[in-house]
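Here's the structure we're looking at; comments come further down.
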Amino acid sequence: MIKVAVNGYGTVGKRVADAVAAQPDMEIVGVSKTRPSFEAFVTKARGFPLYIADPGKKGAFEKLGLAVAGSVAEMMERADVVVDATPGGVGKENLPLYKKLGKKAIFQGGEEHEVAGFSFCSDCNYRDAIGRQFVRVVSCNTTGLCRIINTLDKAYGVTKVRATMVRRASDPGEVKKGPVDAVVLDPVTVPSHHGPDVLTVLPHIDITTMAMIVPTTFMHMHAVQMDLKKPATKEGILSLIDAHPRIGLVRGGTGIKSTAELKEYAMDLGRPRGDLWENCVFADSIGVIGSEVYFFQAIHQEADIVVENVDAIRAMVGSVKDPAESVRMTNAAMKFTAI
Ligand code: NAD
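Each number in the numbering used here comes from the position in the sequence shown (counting from 1) with 131 added on.
Here you go:
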């Protein structure tokens, strides 16, 4: 069993912990929190040993009936791999500790590429992550872009990508964030950081992105246009997506035209937390005009990177060398079949 610790049990951390706990070849040796928030109570319900970032707060946890197993450093010592899911920028501060303890660590998309020196997407570069000490799982939007660009690139060759990201304002639990009533250009200038971030995984792709933030919490929506080297058909693209374990199709017959209905669908399907771990490509939006392809895809910001973290663990430990096998194992353990 691969021993995994999750440093930072928040939006991403709690999902990764559940995904890891479901795997036949992994176990959670501990999760960490800074404050005794409701998520600390979830660790207790799940039976995950709880470690704390600030030992001075031990009394505050214990007063609420939350047993503290030790410090974050003690948690790391028990792990083969630490998934660092602390807020963007904190992972960089934790890097010296991982180095000192000689631990493998996975960082999230809120960290710069340079923190790990290697940016990961299961689809694109799993084999290059084998045996590495540090890996960064790219952000939710970048993961969604990399999956679909790589799939079409392998089949047809992609010469150019232009994409606009319409981003959710905050995660559902983030009550203090906005905007509440505005469309915010993020940034006003071109490109947004998403295109350059895709290049950390797929350096040969010509990509430019723009982004804006809108007042919603559900999901991001991408409007994507790609130029292909070889001629494609809508049917060909649909069958590539159909065969992909982590790209789903929002079929016209479902009547779904929005992120709200899509999220409702995921909840009705009984997905944990209503999570959509796959890209959700709107089948009817796929248009092929000459060598140009157009489509919309929705990306569940809290979810798509979760399964990537699980694969990254296997790659870094080197226990599974074939990316397709790791993806199969991860999905099967989570009872995940793309929509
Ligand atoms: P979050 O704020 O929901 O959770 C972070 C957790 O880390 C909190 O529980 C916090 O208490 C804890 N924490 C803070 N400082 C800590 C420390 N020094 N030691 C241990 N724990 C500490 O954040 P999140 O949304 O889960 O984001 C985590 C990372 O994942 C960021 O890099 C972010 O950019 C990335 N990410 C987030 C999303 C998303 O939709 N939320 C999607 C993809 C990637």
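We treat Cβ as the ideally placed atom computed from N, Cα and C, and that holds for glycine.
The structure displayed is predicted, hence computed values, not measured ones.
Locate the alpha helix (DSSP H) running through residue i, then write down its first and last residues.
i: TYR229; result: 221 to 232
i: ARG459; result: 454 to 464
i: ASP328; result: 325 to 330
i: ALA204; result: 203 to 208
i: ALA247; result: 244 to 247
i: SER253; result: 253 to 256
What residue range does the beta strand (DSSP E) around residue i cover?
i: GLY449; result: GLY449 -> no beta strand (DSSP E), and no H or E assigned at all.
i: GLY144; result: Unbroken run through GLY144 is the alpha helix (DSSP H), 142 to 152; no beta strand (DSSP E).
i: ASP111; result: Lying before the first or after the last residue shown, residue 111 is absent from the chain, which here runs from 132 to 470.
i: TYR425; result: 423 to 430
i: ILE470; result: Note, ILE470: premise wrong, no beta strand (DSSP E); not H, not E.
i: VAL135; result: 133 to 138
i: GLU418; result: According to the sequence shown, residue 418 is Gly rather than Glu. Its beta strand (DSSP E) spans residues 418 to 420.
i: LYS235; result: 235 to 238
Could you have a look at residue i and say whether DSSP puts it in helix, strand or coil?
i: ILE159; result: strand
i: LEU195; result: coil
i: ARG299; result: strand
i: LEU181; result: strand
i: MET406; result: In the sequence as presented, Met is not what sits at residue 406; that position holds Asp. ASP406 falls in the coil class under three-state DSSP.
i: LEU393; result: helix
i: VAL319; result: coil
i: GLU305; result: coil
i: PHE413; result: strand
i: VAL441; result: helix
i: LYS294; result: With the sequence shown as reference, residue 294 is identified as Ala, and Lys is not the correct amino acid for it. In this structure, ALA294 counts as strand in the three-state DSSP scheme.
i: VAL289; result: strand
List the whole-angstrom C-beta distance separating residue i from residue j, where the pair is believed to meet the contact cut-off of C-beta under 8 Å.
i: ALA148; j: ILE133; result: In fact, because the Cβ distance is near 14 Å, the residues do not count as touching under 8 Å.
i: PRO376; j: ALA469; result: 6 Å
i: MET352; j: SER323; result: At roughly 14 Å, the Cβ-Cβ gap does not stay under 8 Å, so MET352 and SER323 are not in contact.
i: VAL438; j: ALA150; result: 7 Å
i: ILE280; j: LEU333; result: 6 Å
i: PHE292; j: VAL345; result: Note that residue 292 is Val in the sequence shown, not Phe. Going by Cβ atoms, the distance from VAL292 to VAL345 rounds to 22 Å, so no, they are not a contact pair.
i: ASN410; j: GLN428; result: 5 Å
i: LEU359; j: LEU283; result: 7 Å
i: ASP328; j: VAL269; result: 6 Å
i: GLY219; j: GLY241; result: 2 Å
Completely contained beta strand (DSSP E) runs for the segment 259 to 286, where each covers 3 or more residues: List check, beta strand (DSSP E) in window: 265 to 268.
Beta strand (DSSP E) runs wholly inside the segment 337 to 390, at least 3 long, in chain order: Counting only runs of 3 or more, we get 338 to 345, 351 to 359 and 378 to 381.
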